[in-house]
Amino acid sequence: MRQKAYQIKKMIKYAFGKIIGAESSQIEHAIECAEIISFDMFDTLIKRNVKVPEDIHGLVCKEYFRQTKINLCEYRKLRINAENVARKNSQKEEINLDAIFHYLQGISKDEKIRLRKIEEETEIQACCPDLQMKEVYDYAVNAGKRIIITSDMYLEESVIKAILHKCGYNNFEKLYLSSSYGLCKATGSIYEVIKKDYAAFEGRILHIGDHVKSDYIVPKRMGLEALLIDGQKNFLRYWKRNNKSVNDQLMYGRMYTFLNNHIGSDDNDAVHIGYEVLGPMLLGYCTWLNGKIKSDNIERIFFLSREGKIIQEAFNILYPQNKIPQTYLYVSRQALLVPLLADADDFDEIIKILKVFLHVPVLKTIGVLCGLDQKKFDEELTDIGLNEETKIYEIADNNKAAVYHIIQKMGGSIFKQQKEYVSRYLNENNFFGNIAIADIGWAGTMQMALQEYVGESADTVLRGYYFGVKNMEMDDYYVCYHRNGYLFEVEGNKEYELMVRFSTEVFEILLLNRTGSVHRYSLEKNQIVPVLSESEYHGNEGDFLESIQSKALIFLKMIKEDDIFKSNLKIPEDILMVSYANFAVYPEMNTINIYGKFQFLNDGKIRNLLPDYGILYYAFHLRKLKQDLNECFCKIFFLRKLFKVNFPYFKLLKFLATKCNIKTAFRKRYYKEE
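Numbers 66 to 739, taken from the numbering used here, label the letters of the sequence shown in order.
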């Protein structure tokens, strides 16, 4: 029915050009020519944060259960049926709540009273102003026009007024409600009342609404001016109106509608990514984290740099009442792992400590990570018949001891000093007790490094809470580590793990703080301070990241203040992954192009997120293509940019990873089977 109405609306737009979105000057001109402006209410001035009006009954059922612990599982069906019966038996054109609840079957009188009150409260809570139409309304008010509200609705006038006032619509002189008059717009009878009340303004009454018949055809037929607006616009890029794959359709509809109602048609890329992707992801993770720290009796929370900054800000927006001490801890894999080389006994032990960095497994990478003098390092390697480009997995056993000696000779004193500084830094920040580590996650490398510094102290337990957890080694390697993943864990949600795996860098960029990574620590005024590397994000790219994150935090503030959401902020992760999938797993080219100049830091080297060359170059340099794709941390974006065609790259990569078990020579040698 709505689709048919939408097609009729398109024909009217073509024939008359009188629909908002064509020209704002046209709307202003129509308002200027009128004296009385009549506004439709729902889907015009007011939006409900539900996908369809009937979803209100589902929310009523949930709230009733929260209050009474009684599950009225058939309530939505009973409520819809009661309204249909009331309309069928009514002698008036419109009904009210009294009539509807009179025909509500199988519900006691006391239950009806409570349910009706909950419904009225829910209707008020679920409403918000339409952003575009609020501007139109304010324009009419500022132009000195007399405003009336005309609506076909069964709610009482007191409830309608509460909704209007809540949404900032205060300057109207009269309400024409079908529930009050027993008349409606569809028949034109309520317009007759308006014409009679404003007889002196014949020909200068303008009605604005979204329903083809009730708000345009009928008032035009009765001699009123009319403007038809589109009340079902979709402003979202990464959410679709319908998604049958999620389990909780009511919650998905609420999220979709809430987002759509709070975003504008002209908002930029950062707004859409912040509101639609990062904001919901932070919401899901932080509600999960809050539950974990309570159930595990956490004594201190440490948010790890750099992704932990936005996580901490989001957590404090959602849970300002949290009393557990928290710290933003300046750490990085490099700053924690390199000092551990002080205790490495041989070359293989060095590789074991640093292998998470060795995406490009050559000796130069080790030199860069350890901060060794590159020229001198290469000279020392040359003396033993190797060089910086020697692949680590090709070094003969009889050369390993020599390489180990070079690394320790050049960096051993630095390793020891930095290890002492790390231990002092942790002590200065009270890193003890039952600790929660909040970070983006994956293999838990930093948690393992921190455990090395803490040792086996009975006074300290580290518990990692991450967006996702995966194993890079055999399961028994992780036995002593407490790791939990929100989106995926080792034994579950493999699909989500693969989705993030093939878009890792884009995921991480969303949460990345603009400051540089921790390179090392220094001692200043008898206190340990982090020394940061230069940030890889400057200028426009850095500004863009900050804008995304600021919009995500605004989203969290809005949803925290929402009258319905604030009672239950927990959103199922399958709903939140819908927007991420549309953004990063099955991206459109306009999304890919947003990241055209983005780079990332890996193995001590700044790399481009997207391919350096085009398809023609790679066609003649297949080895280079293989190398660049292997070193890329967002393979989906790489392939989409390279080939440009809309192809299921994720499914291809998933097949190669799960069915073909493709691995590099380095991984085959230095990693245990996953």
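Backbone N, C-alpha and C define an ideal beta-carbon position, used for all residues, glycine too.
On the criterion of 16 or more Cβ atoms from any shown chain inside 10 Å, does residue i qualify as buried, or is it exposed?
i	result
residue 536	buried
residue 209	exposed
residue 118	exposed
residue 533	buried
residue 305	exposed
residue 502	buried
residue 313	exposed
residue 720	exposed
residue 654	exposed
residue 385	exposed
residue 671	exposed
residue 680	exposed
residue 430	buried
residue 87	Interpretation of residue 87 is limited by its pLDDT of 38, a score under 50 that renders its predicted location unreliable; the figure taken from the coordinates is listed afterwards. The residue in question, residue 87, is exposed, as its Cβ has fewer than 16 Cβ neighbours within 10 Å.
residue 322	buried
residue 687	exposed
residue 713	exposed
residue 258	exposed
residue 595	buried
residue 390	exposed
residue 94	exposed
Is the separation between the beta-carbon of residue i and that of residue j shorter than 8 Å?
i	j	result
residue 458	residue 426	yes
residue 546	residue 505	no
residue 358	residue 101	no
residue 273	residue 109	yes
residue 405	residue 474	no
residue 434	residue 442	no
residue 627	residue 318	no
residue 147	residue 135	no
residue 339	residue 662	no
residue 467	residue 449	yes
residue 337	residue 623	no
Have a look at residue i and residue j and give me their C-alpha separation to the nearest angstrom.
i	j	result
residue 528	residue 215	58 Å
residue 53	residue 398	No answer is possible for residue 53: the residues shown for the chain start at 66 and end at 739.
residue 204	residue 232	16 Å
residue 614	residue 660	16 Å
residue 722	residue 325	36 Å
residue 588	residue 438	22 Å
residue 488	residue 393	16 Å
residue 444	residue 432	12 Å
residue 642	residue 560	11 Å
residue 167	residue 648	48 Å
residue 368	residue 377	6 Å
residue 461	residue 436	24 Å
residue 656	residue 334	9 Å
residue 652	residue 699	12 Å
residue 256	residue 280	10 Å
residue 387	residue 133	28 Å
residue 372	residue 565	15 Å
residue 192	residue 230	11 Å
residue 282	residue 169	34 Å
residue 76	residue 103	Confidence at residue 76 is low in this model, with a pLDDT of 49, below 50, so its placement is unreliable and no value can be given for it.
residue 187	residue 175	18 Å
residue 292	residue 97	13 Å
residue 126	residue 362	33 Å
residue 189	residue 149	23 Å
For the putative contact between residue i and residue j, defined by C-beta atoms under 8 Å, what is the C-beta separation to the nearest angstrom?
i	j	result
residue 612	residue 702	In fact, because the Cβ distance is near 20 Å, the residues do not count as touching under 8 Å.
residue 353	residue 551	5 Å
residue 158	residue 249	5 Å
residue 579	residue 604	Incorrect: roughly 11 Å between the Cβ atoms, too far for contact.
residue 621	residue 347	6 Å
residue 316	residue 636	7 Å
residue 296	residue 275	3 Å
residue 486	residue 619	Not really, about 38 Å apart at Cβ, beyond 8 Å.
residue 180	residue 129	6 Å
residue 470	residue 696	Incorrect: roughly 29 Å between the Cβ atoms, too far for contact.
residue 526	residue 494	Actually they are not in contact, since the Cβ atoms of residue 526 and residue 494 sit about 17 Å apart, beyond 8 Å.
residue 402	residue 419	6 Å
For a cutoff of 8 Å on Cβ pairs, would you count residue i as touching chain B?
i	result
residue 474	The structure shown contains no chain B; it is built from a single protein chain.
(message) Suppose only complete runs of 3+ residues qualify. What are the beta strand (DSSP E) ranges in the region 651–716, listed by chain order?
(response) 664–667, 670–673
(request) At 3 residues or longer, and completely inside the region 306–394: list those beta strand (DSSP E) runs for me, N to C. (result) 365–369, 391–394
(message) Suppose only complete runs of 4+ residues qualify. What are the alpha helix (DSSP H) ranges in the region 567–600, listed by chain order?
(response) 569–576
(request) Note down, one range per segment and in chain order, each alpha helix (DSSP H) of at least 4 residues found wholly within the region 145–175. (result) 162–167
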